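Trainee: Start counting the sequence shown at 1; every next residue gets the next number (the UniProt record's numbering).
Ideal Cβ positions, reconstructed from N, Cα and C, are used throughout, including at glycine.
Please read these numbers as outputs of a predicted model, since none were measured by experiment.
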Amino acid sequence: MEALIQITTNAQGASVVSARELHAFLSVKSKFADWFKNRVDKYELVEGQDYVRVSKILDTLGGAQESVDYALTLDCAKELAMVQNNQQGKRARLYFIEAEKQLRQVATTPSLPSATEQLLIQLVQQQTQVSQQQAAISQHQQEQLTQLRADVAALMNGQSKHRRRSSGYPPPSVPALFGTPRQPPYNHPRQLRGAITQIVEQYSVRVNCDTSETYRYLYRQMMPTYGIDVYHLHKQAGQSYLEAIEQYGLLEKLYSIAYATLARLDF
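(1) Note down, in chain order, each residue of its chain lying with its Cβ closer than 7 angstroms to the Cβ of residue 15, except the 5 sequence neighbours on either side.
(2) Which whole-angstrom value is the C-beta distance of residue 196 and residue 255, which I expect to be below 8 angstroms?
(3) Between residue 22 and residue 105, what straight-line distance do the alpha-carbon atoms span, to the nearest angstrom?
(4) Are the Cβ atoms of residue 306 and residue 206 separated by less than 8 angstroms?
(5) Would you kindly work out how many angstroms separate the C-alpha atoms of residue 142 and residue 13, rounded to a whole number?
(6) Quick check on residue 231: does DSSP put it in helix, strand or coil?
(7) Within this structure, are the beta carbons of residue 241 and residue 199 separated by less than 8 angstroms?
(8) Looking only at its chain, what residues have a beta carbon closer than 8 angstroms to the beta carbon of residue 257, apart from the 5 residues adjacent to it on each side?
(9) Rounded to a whole number of angstroms, what is the C-alpha to C-alpha distance between residue 43 and residue 36?
(10) What is the C-beta distance between residue 17 and residue 72, in whole angstroms, given that I count them as a contact (C-beta under 8 angstroms)?
(11) In chain order, which continuous runs of the beta strand (DSSP E) of length 3 or greater are located wholly inside the region 54-100?
(12) Rounding to the nearest angstrom, what Cα-Cα distance links residue 129 and residue 61 in this structure?
(13) Is it right to say residue 19 is buried, meaning 16 or more other beta carbons lie within 10 angstroms of its own, or is it exposed?
(14) Just to confirm the assignment, what range does the beta strand (DSSP E) spanning residue 16 have?
(15) Between which two residues does the beta strand (DSSP E) containing residue 7 stretch?
(16) What's the call for residue 203, buried or exposed, on a 16-neighbour Cβ count within 10 Å?
(17) I need the DSSP call for residue 2, collapsed to helix, strand or coil.
(18) Just the C-alpha distance for residue 51 and residue 45, rounded to the nearest angstrom, thanks.
(19) Ignore the nearest five residues each way along the sequence and tell me which others in residue 230's own chain have a CB closer than 7 angstroms to its CB.
(20) Any idea what DSSP makes of residue 203, helix, strand or coil?
(21) Does DSSP classify residue 248 as helix, strand or coil?
(22) Where residue 77 and residue 119 are concerned, what is the direct C-alpha to C-alpha distance, given to the nearest angstrom?
(23) Specify the secondary structure class of residue 272 as computed by DSSP and reduced to three states.
(24) Kindly examine the ligand ADP and report whether one of its heavy atoms sits closer than 7 angstroms to the Cβ of residue 40.
(25) Express the C-alpha separation of residue 216 and residue 233 in angstroms, rounding to a whole number.
(26) Could you give the distance in angstroms between the alpha-carbon of residue 214 and the alpha-carbon of residue 251?
(27) With 16 other CB atoms within 10 Å as the buried threshold, where does residue 123 fall?
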């Protein structure tokens with residue numbers, strides 16, 4: 001059925017129609033306020049029984065203005081459509097009658113079979129479990145972020161519990177630098193990789209060393225700083241160590257080392 005005029009439900013669950021919408025649909029020539037007052041007086045409509053006054057404040061160029069409407073019962077809407085005595089009124093009345101039939105049919109439709117109800121309950125339970133899992137993941141990510149901050153601070157203070165003397169500083173061609181620690185500015189792996197690549201390339205150009213040597217230094221620092229042996233990560237054929245680090249979700253840790261040891265170039 002084509003929706004000629006919107007039918008909504010009020011707070012009591014009854015179907016109602018906007019008097020303004022009905023007025024517009026009926027193509028009434030008189031103003032809405034005059035038309036409605038005339039219909040109330042002529043057909044003795046009762047407020048609270050046939051209609052309820054509804055008002056809202058609208059922001060206009062001239063300031064705040066009150067807009068008044070009336071929520072009509074379906075019976076009242078049918079009567080106003082009929083007494084309009086034109087083609088639009090006839091269409092509106094038939095539309096309201098058909099809408100009432102459909103509403104009665106919905107009201108008398110048998111309840112869902114128990115099997116369907118059980119399925120719906122299971123779906124709700126599954127959705128609840130998913131929400132709980134998402135909350136747990138969010139908490140785990142926050143814990144990882146807290147640990148990452150602590151690790152970076154330890155790296156800057158030279159107090160990392162995993163630090164090994166043999167690999168505490170870059171090779172001779174990569175001078176040791178220490179910048180201000182900060183959290184990765186990106187969450188997306190592609191952005192993190194781009195930030196790491198930019199730090200490595202800028203540093204390598206500045207100190208005149210090969211980028212591969214700088215990467216090797218960063219990979220070696222993963223062990224004393226985080227206890228992660230990059231060279232023992234499982235790699236697929238043709239996969240780089242940087243891609244393997246991304247696959248294992250370790251880009252944030254590598255970025256922290258790169259920023260803390262290589263990012264400051266004002267020497």
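Mentor: Concretely, from the data shown:
(1) 7, 9, 74 and 103
(2) 5 angstroms
(3) Whole-angstrom Cα-Cα distance: 24 angstroms.
(4) Because the chain is modelled from 1 through 267, residue 306 falls outside the range shown and cannot be assessed.
(5) Pairing residue 142 with residue 13, the inter-Cα distance amounts to about 45 angstroms.
(6) helix
(7) No; because the gap between Cβ atoms is not below 8 angstroms, this pair is not in contact.
(8) Counting only Cβ-Cβ distances below 8 angstroms, and skipping sequence neighbours, we find 155, 218, 221, 222 and 225.
(9) As the crow flies, the alpha-carbon of residue 43 is around 10 angstroms from that of residue 36.
(10) 5 angstroms
(11) List check, beta strand (DSSP E) in window: 63-73.
(12) The alpha-carbon atoms of residue 129 and residue 61 are separated by roughly 50 angstroms.
(13) buried
(14) 15-18
(15) 7-9
(16) buried
(17) Reduced to three states, the DSSP call for residue 2 is coil.
(18) Rounded to the nearest angstrom, the two C-alpha atoms are 8 angstroms apart.
(19) Closer than 7 angstroms at the Cβ level, and outside the excluded window around residue 230, lie 219, 222, 241 and 245.
(20) helix
(21) coil
(22) 40 angstroms
(23) With the chain running from 1 to 267 in the structure shown, residue 272 is simply not present.
(24) As for the ligand ADP, it is missing from this structure, which has no ligand bound.
(25) 14 angstroms
(26) 16 angstroms
(27) exposed
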